[in-house]
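Trainee: Protein chains in written order, with full-length UniProt numbering: chain D, 1 to 204; chain S, 1 to 204. Heads up, the beta-carbon is just placed ideally off N, CA and C, and yes, glycines get one too. One structure follows; several queries about it will come next.
Protein chains: 2
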Amino acid sequence: MTRIQREKQDIILEAALEVFSAHGFRGSTIDQIAEVAGMSKPNLLYYFPKKEEIHRRLMSELLVTWLAPLQEMRADGDPFVEIRSYIRRKLEMARDFPRQSRLFANEMLRGAPHIIDMIEVDLKALVDEKAQVLLTWMDEGKIARTDPYHLIFSIWATTQHYADFDVQVRAVLGKGRGGEGRFEDAARYLEQLFLHGLTPKPKG
Amino acid sequence: MTRIQREKQDIILEAALEVFSAHGFRGSTIDQIAEVAGMSKPNLLYYFPKKEEIHRRLMSELLVTWLAPLQEMRADGDPFVEIRSYIRRKLEMARDFPRQSRLFANEMLRGAPHIIDMIEVDLKALVDEKAQVLLTWMDEGKIARTDPYHLIFSIWATTQHYADFDVQVRAVLGKGRGGEGRFEDAARYLEQLFLHGLTPKPKG
DNA sequence: GTCTATATATTGATAGAC
DNA sequence: GTCTATCAATATATAGAC
């Protein structure tokens, strides 16, 4: 495959991400994607003969990106530093790659038909491994004893929320508060939530 | 409108909830809904002449259900009891009404085109009111000082996650752990998260 | 490789018999 | 109120000229 071909494919995939993440697979048309990509529909179909093939490519690339932040959590690091860094990385992904997050959420809502195998095998294996790391930290008394799986779920949920439910977050915060400060506020809030919860500090 | 008519409409709305929540608006066909409802397509269209009208009805009913749990949080109650109850109600909704949760998530992912007005007005007003309640509790030193808006967001995110990302949760927990214990585990975990975070208890 | 024109399939909605 | 038959619009995909 030539360099030109690869570039064209990348333009199409970028346009498809834009459209699929906003309207879902069925809600998106090749016409829309072609327009965003700046080419005609038959031209787009010259590079990707099937609409499904575009989606498939996006999904397989997505999963690699998706597993990366958790993989970086190191067993030999300081527990609080590692967890805080993980939360930060996930929140940065929600801020910088909201379309990927929404594409993933769309797939989940439909029962993950295209990636259920990778979820059940690769993702499960990774989470099992990191849950074991968390359990070790608990055994060592470095973090509170709790359910490591649900801990990971809650980090996913709280961070991805800022991408997937972005409209709602902005509407609720209103014009002033929604204006770009929300990710910094979220970072501060989530750090406190996961590290201390709502228990008030004794006055000092 | 007769009783029969109302019943038929309810059957259609129930079927539409099933289909829309799983495939999204554009991904659902009237044929599918009609089949689930156990009637022919023209017959269904006799009661709802437009596909959009079915969706509109579901959305307006949904929003009422959706605001209820937060409305019940009372300023004159004990803060920890009120917050814990709220989390519990939201988690029960994720468990008992996952389709409504997914319908809502679908709408959010698309930028809430049909309900943005209610989000910006009614939901915002309700959250503003409850954020004020939380702020008062913080001023009184009853709960830790934190961002009340992001606190509410994180309760939404963590509880709805068990409905919206159900496939993933079950796949990661595996056959044994995914088997029905997950909501009880989540309830225990979330209670600890919000009340104490990960700070380990001093040994004693 | 890119275009115009078009084939084919799906689907929302209607017509008209019963 | 419910059905069969069908229309009209949309959307995926292909044919064939350039």
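Which term fits M93(S), buried or exposed, when burial requires 16 or more other beta carbons within 10 angstroms of its beta carbon?
Mentor: Numbered from its first residue, the second sequence carries residue 93(S) at position 93. Buried is the call here.
Trainee: 8 Å is my cut-off, CB to CB: does R26(D) come that close to chain S?
Mentor: Within the first sequence, the letter at position 26 stands for residue 26(D). Closer than 8 Å: yes.
Trainee: Let me check understanding here. Comparing Cα to Cα, which of W137(D), R6(D), A187(D) and A105(D) lies closest to L91(D)?
Mentor: Here residue 91(D) refers to the residue found at position 91 of the first sequence. Comparing Cα-Cα distances from L91(D) to each of W137(D), R6(D), A187(D) and A105(D), the minimum goes to A187(D).
Trainee: Say whether the stretch 51–67 of chain S touches the stretch 112–132 of chain S, bearing in mind that this needs 3 or more beta-carbon pairs closer than 8 Å, one atom from each stretch.
Mentor: Touching, yes, given that three or more Cβ pairs across the two stretches are closer than 8 Å.
Trainee: When you compare the CB positions of L195(S) and L198(D), do they come within less than 8 Å of one another, or not?
Mentor: As a position in the second sequence, residue 195(S) is number 195, starting the count at 1. As a position in the first sequence, residue 198(D) is number 198, starting the count at 1. Cβ atoms of L195(S) and L198(D): closer than 8 Å.
Trainee: In angstroms, rounded to a whole number, what distance separates the CA positions of F25(S) and D78(S)?
Mentor: The residue you call residue 25(S) lines up with position 25 of the second sequence. The residue you call residue 78(S) lines up with position 78 of the second sequence. In a straight line, the C-alpha of F25(S) is about 42 Å away from that of D78(S).
Trainee: Just to confirm the assignment, what range does the alpha helix (DSSP H) spanning M108(S) have?
Mentor: Residue 108(S) sits at position 108 when you count from the first residue of the second sequence. Residues P98 to L109.
Trainee: Is the number of C-beta pairs between the stretch 94–104 of chain D and the stretch 146–157 of chain D that are closer than 8 Å three or more?
Mentor: No contact exists between the stretch 94–104 of chain D and the stretch 146–157 of chain D.
Trainee: Beta carbon of P200(D), beta carbon of K142(S): below 8 Å?
Mentor: As a first step, residue 200(D) must be located in the first sequence, where it is residue number 200. As a first step, residue 142(S) must be located in the second sequence, where it is residue number 142. Yes, these two residues count as a Cβ contact at 8 Å.
Trainee: Answer yes or no: does any C-beta atom of chain S fall closer than 8 Å to that of R88(D)?
Mentor: Working through the first sequence from its first residue, we reach residue 88(D) at position 88. Taking Cβ atoms only, chain S never reaches closer than 8 Å to R88(D), which makes this a no.
Trainee: Between S85(D) and chain S, is any beta-carbon pair separated by less than 8 Å?
Mentor: In the first sequence, residue 85(D) corresponds to position 85, counting from 1. Not one chain S Cβ lies under 8 Å of S85(D).
Trainee: Should A112(D) and Q160(D) be called a contact, given that it needs their Cβ atoms to be closer than 8 Å?
Mentor: Here residue 112(D) corresponds to residue number 112 of the first sequence, with the count starting at 1. Here residue 160(D) corresponds to residue number 160 of the first sequence, with the count starting at 1. No. Outside cutoff.
Trainee: Could you tell me which of A75(D), I87(D), G181(D) and E52(D) sits nearest to L135(D), measuring between CA atoms?
Mentor: Position 135 of the first sequence, counted from the first residue, corresponds to residue 135(D). Checked all of A75(D), I87(D), G181(D) and E52(D); the closest Cα to L135(D) is A75(D).
Trainee: Using 8 Å as the threshold, is the C-beta distance between R102(D) and D164(D) below it?
Mentor: Counted from its first residue, the first sequence places residue 102(D) at position 102. Counted from its first residue, the first sequence places residue 164(D) at position 164. Contact flag set, yes.
Trainee: Are the C-beta atoms of S154(D) and some chain S residue less than 8 Å apart?
Mentor: In the first sequence, counting from the first residue as 1, residue 154(D) sits at position 154. Yes, contact with chain S.
Trainee: Can you name, in chain order, every residue of its own chain whose Cβ lies under 7 Å from the Cβ of G204(S), other than the five neighbours on each side?
Mentor: Here residue 204(S) refers to the residue found at position 204 when the second sequence is read from its first residue. Because the pLDDT at G204(S) is just 46, under 50, the model does not fix this residue reliably, and the value given afterwards should be weighed accordingly. Excluding sequence neighbours, G204(S) sits near nothing in its chain.
Trainee: Using DSSP with H/G/I as helix, E/B as strand and the rest coil, what is F25(S)?
Mentor: Taking the second sequence and counting its residues from 1, one reaches residue 25(S) at position 25. If DSSP states are grouped into helix, strand and coil, F25(S) belongs with the helices.
Trainee: Mind listing which residues of the stretch 91–120 of chain D have their C-beta closer than 8 Å to chain S's C-betas, in chain order?
Mentor: Answer set for the stretch 91–120 of chain D: R102, A105, N106, M108, L109, R110, G111, A112, I116, I119 and E120.
Trainee: Which one of A34(D), R57(D) and Y86(D) has the shortest CA to CA distance from Y46(D)?
Mentor: Residue 46(D) sits at position 46 when you count from the first residue of the first sequence. Of the candidates A34(D), R57(D) and Y86(D), the one whose C-alpha sits nearest the C-alpha of Y46(D) is A34(D).
Trainee: Can you give the Cα-Cα distance for P36(S) and I12(S), rounded to whole angstroms?
Mentor: Counting from one through the second sequence, the residue named residue 36(S) turns up at place 36. Counting from one through the second sequence, the residue named residue 12(S) turns up at place 12. Sequence check: residue 36(S) is Val here, not Pro. Roughly 8 Å between the two C-alpha positions.
Trainee: Return the residue from the list D31(S), S60(S) and G38(S) that minimises the CA-CA distance to K8(S).
Mentor: Looking up residue 8(S) in the second sequence gives position 8. When only C-alpha atoms are compared, the closest one is G38(S).
Trainee: When you compare each of R56(D), P42(D) and F80(D) to L193(D) by their alpha carbons, which one comes out closest?
Mentor: Translated into the one-based positions of the first sequence, residue 193(D) becomes position 193. Selected option, being the one with the closest Cα: F80(D).
Trainee: Please go through the UniProt domain "HTH tetR-type" (6–66) of chain D and give each complete beta strand (DSSP E) segment of 3 or more residues, from N-terminal end onward.
Mentor: Listed in chain order, there is nothing to give.
Trainee: Taking the alpha-carbon positions, what's the G174(S) to M118(D) distance?
Mentor: As a working note, residue 174(S) is residue 174 in the second sequence. As a working note, residue 118(D) is residue 118 in the first sequence. Their Cα atoms are separated by approximately 13 Å.
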